[in-house]
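Down below is the structure, laid out as structure tokens.
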Amino acid sequence: MQRILLDPANNQPATRDLPSGVAVPDGLPSAKEVKVHPFKSGGENASLFFVGTATVIIEWAGIRIMTDVKASLRRDLPIITTPHAHSHLTNKGADSFTNVSALDPFETATVDIKDSAGPQRQLRITGMPGKHVPSNSIAESLNSLANAVSPPSTLRHPSHN
Numbered sequence: 001m002q003r004i005l006l007d008p009a010n011n012q013p014a015t016r017d018l019p020s021g022v023a024v025p026d027g028l029p030s031a032k033e034v035k036v037h038p039f040k041s042g043g044e045n046a047s048l049f050f051v052g053t054a055t056v057i058i059e060w061a062g063i064r065i066m067t068d069v070k071a072s073l074r075r076d077l078p079i080i081t082t083p084h085a086h087s088h089l090t091n092k093g094a095d096s097f098t099n100v101s102a103l104d105p106f107e108t109a110t111v112d113i114k115d116s117a118g119p120q121r122q123l124r125i126t127g128m129p130g131k132h133v134p135s136n137s138i139a140e141s142l143n144s145l146a147n148a149v150s151p152p153s154t155l156r157h158p159s160h161n
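What the sequence shown shows, in the UniProt record's numbering, is residues 1 to 161, in sequence order.
What follows is the structure in structure tokens.
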């Protein structure tokens with residue numbers, strides 16, 4: 001299992017081209033909509049922000065996690081991705097990303113959140129097989145009603161094959 005350490009006290013901008021004199025914002029803009037678990041609301045300790053159709057920003061325990069990679073990101077920014085994307089991100093010569101971890105489907109990595117006070121916080125991240133929902137499909141219509149895409153029945157954990 002891979003282990004990755006993040007230190008919220010080492011606050012750096014995510015982008016490498018932040019103009020000089022521009023401060024990094026302390027937080028994200030207010031959410032346009034808030035959703036909570038229908039049966040267990042009230043104990044929320046993290047925020048998910050959906051930006052466009054493919055970007056998710058997760059804030060939890062003093063860290064911010066983004067789900068897409070842009071040209072302006074710092075090259076030492078920690079990235080967890082697929083083996084295919086890992087090979088593309090790390091083979092760009094001088095413009096390569098240097099802190100990239102790859103997860104195969106169902107492989108797990110642990111992200112330790114450095115914290116001097118309180119219990120050790122961790123994220124466990126598991127690589128999942130992905131399948132995009134085709135546009136203008138029945139699945140897209142159902143997803144707009146349910147707000148979730150069920151994994152296709154053909155995708156199963158290797159231990160169940």
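We put the beta carbon where it would ideally sit given N, CA and C, even for glycine. Values in this document were obtained by computation on a predicted structure and should not be read as measured data.
{"query": "Among the residues of its own chain, which have a CB less than 7 Å from the CB of P151, if the five just before and after it don't count?", "result": "Residue confidence for P151 is low, a pLDDT of 41 falling below 50, so the modelled location carries little weight and cannot support an answer."}
{"query": "Over the uninterrupted alpha helix (DSSP H) stretch that includes S87, give me the two end residues.", "result": "83-89"}
{"query": "With respect to the beta strand (DSSP E) encompassing M66, which residues constitute its N-terminal and C-terminal limits?", "result": "63-66"}
{"query": "In chain order, what residues of the same chain lie with their CB nearer than 6 Å to the CB of E59, ignoring the 5 residues before and after it?", "result": "S47"}
{"query": "Out of E44, T98, L77, L89, which has the shortest C-alpha to C-alpha gap to N11?", "result": "L77"}
{"query": "When DSSP builds the beta bridges, which residues end up paired with F50?", "result": "V56"}
{"query": "With DSSP as the reference, identify every bridge partner of R121, one or two as the case may be.", "result": "I113"}
{"query": "Comparing C-alpha positions only, which one of T90, G93, A117, H86 sits nearest to A102?", "result": "H86"}
{"query": "Start and end of the beta strand (DSSP E) containing R3?", "result": "2-6"}
{"query": "Rounding to the nearest angstrom, what Cα-Cα distance links T126 and E107 in this structure?", "result": "6 Å"}
{"query": "Is S96 helix, strand or coil when you go by DSSP?", "result": "coil"}
{"query": "Measuring straight from C-alpha to C-alpha, what distance separates A109 and S141?", "result": "34 Å"}
{"query": "Considering only C-alpha positions, which residue in the set P105, D104, A117, R121 is nearest to V111?", "result": "R121"}
{"query": "Please report the straight-line C-alpha distance between P8 and H88, rounded to a whole angstrom.", "result": "28 Å"}
{"query": "Since V56 and I79 should fall inside the 8 Å C-beta cutoff, what is the C-beta to C-beta distance between them, to a whole number of angstroms?", "result": "Wrong, their Cβ atoms sit about 14 Å apart, outside the cutoff."}
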